[in-house]
Amino acid sequence: MLLIHCPYCDETLPEAEFTYAGEAHIARPADPSALSDEEWESYLFIRSNPRGPHHERWRHLHGCGRFFNAVRDTVSDRFLTTYPAGQPRAALPIKEAAE
Amino acid sequence: MNAPISSFPPGALADTTAARVAIAPACGRLSLRARGDLAPLEAALGLALPGRIGQRAQGGTVQGGAIQTMRLGPDEWILQAPEAEVAGILAACAALHASHPHSLVDVSGREVTLLVSGPRAAELLSIGCPRDIDSVAVGEGRRTLFDGATVVLWRDAPDAFRMDVWNSFVPHLADLLVTGCRELAAETV
Ligand SMILES: [Zn+2]
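Protein chains in written order, with the numbering used here: chain G, 1 to 99; chain D, 100 to 288.
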C-alpha cells in the first residue's frame, strides 16, 4: 500500500485514507462564456498525462478532509512531495525525501 | 435537538478474553468549523480548542469539564457533551456569529459510539483500520477509516478506545468487531 504524507495532518498515512482528485494547478477560466469551444474542451478534458513527475490533487477524505497537492512519479508510483493547496506549483526536479 | 436514533440501545455486544465491544450511551455531539481568532469561541465554550489535528481537550462552562473536543481538521473540531448541555452550548456561541463567523451544528443524531476495550483491543481495531493504531497516542484520537467507513477514534487508554460511527454503518462495523472479537478469543497461540 502507498503511504502518503498529508501536509495538514503532518503524518504519513495509508493510501486508503485518501482519494485521488485529478491533475493539479488547473485554474477554472474566470469568464467561461468568453472561451471558444476548443478552449473550453481543453480546460475540461485535456490533461498533460506525463510519464514521470505528475502534479496532482489528493484529498485526505477519511482524515482531515482537506484537498492538497502532490507530485507523484507515474513510472515508479512514488510520491516526491506533497504541499498544501494554494501554494505555487512545486518546481522540478524534486530530490526525493528520505523515507 | 438532533435526537439520537433509538435502534442502537447502549449495552454490551461481545465480551471475550481478547476484547469487549459495546454501544455507548447516547451523548450530545456538535460539529464546529471556525478559523481565525478562536479566543472568543474558547471563552464561550470554556475550553481551549486543541491546536494540532488529533489532539483533545476537556472543559465547559455549563457543568465544569463536561465538554470533550478533538481537532479533526485545520478548521474543524468535534465536541461531545451531555445531551442536556447542547442547547446551552449552542446559545453561548450563537452570540458570536456576527463578530466571529463560524459554524456550530448539532449532529447528536448522526452517529453512535462503539466502545472497544480489552487486552487485544488495538489488535482488534487492526482488522478494519489501515492506520498504525499505535500512531494514535493515549489521550488523543483521529478521524480515520474502518472497513470502508469514516470513523472518529478516541484512544482513552492503551487498551480502551471509542469509535464514533455514522448510523448507517453501525450494524456492519459492530458485527465485524464482534466477529473479530470472537476470532481473537478463539485463537490458540
Ligand atoms: Zn490530513
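Note that the Cβ used here is the ideal one computed from N, Cα and C, for glycine as well.
Within its own chain, the residues whose Cβ lies closer than 6 Å to the Cβ of Pro7 (chain G), once the five positions on either side in sequence are excluded, are Phe68, Thr82, Tyr83, Pro84, listed in chain order. Here Arg57 (chain G) is not near Gly86 (chain G), since their CB atoms are 8 Å or more apart. Taking the Cα positions, Glu39 (chain G) is about 21 Å away from His55 (chain G).
Distances taken from the Cβ of Cys280 (chain D) to the heavy atoms of ligand 1 include none shorter than 7 Å. In this structure, G:Pro50 is the residue among G:Pro50, G:Leu92, G:Ile46 with its C-alpha nearest to the C-alpha of Val75 (chain G). The contact set of Arg51 (chain G) on chain D, defined by CB atoms closer than 7 Å, is empty, because the minimum CB distance reaches about 29 Å. In this model, Phe268 (chain D) and Asp231 (chain D) are separated by some 22 Å (Cα to Cα). At a Cβ-Cβ threshold of 8 Å, Thr116 (chain D) and Arg281 (chain D) do not count as neighbours. Closest option to Pro124 (chain D), judged by alpha-carbon separation, among D:Leu140, D:Ala102, D:Leu144, D:His199: D:Ala102.
Here the alpha carbons of Gly52 (chain G) and Leu214 (chain D) stand approximately 46 Å from one another. DSSP lists D:Glu210 as the beta-bridge partner residues of Trp265 (chain D).
Taking 8 Å as the upper bound on Cβ-Cβ separation, chain D lies near residues Leu61, His62, Gly63, Cys64, Gly65, Arg66 of the segment 56–87 of chain G. Collapsing the DSSP output to three states places Phe18 (chain G) in coil. Around ligand 1, the residues selected by a Cβ distance under 5 Å to any of its heavy atoms are G:Cys6, G:Tyr8, G:Cys9, G:His60, G:Gly63, G:Cys64, following chain order. Distance check between Ala285 (chain D) and each of D:Leu223, D:Val185, D:Pro181 places D:Leu223 closest, using alpha-carbon atoms only. For Phe45 (chain G), the number of other beta carbons within 10 angstroms of its own is below 16, and it is reported as exposed.
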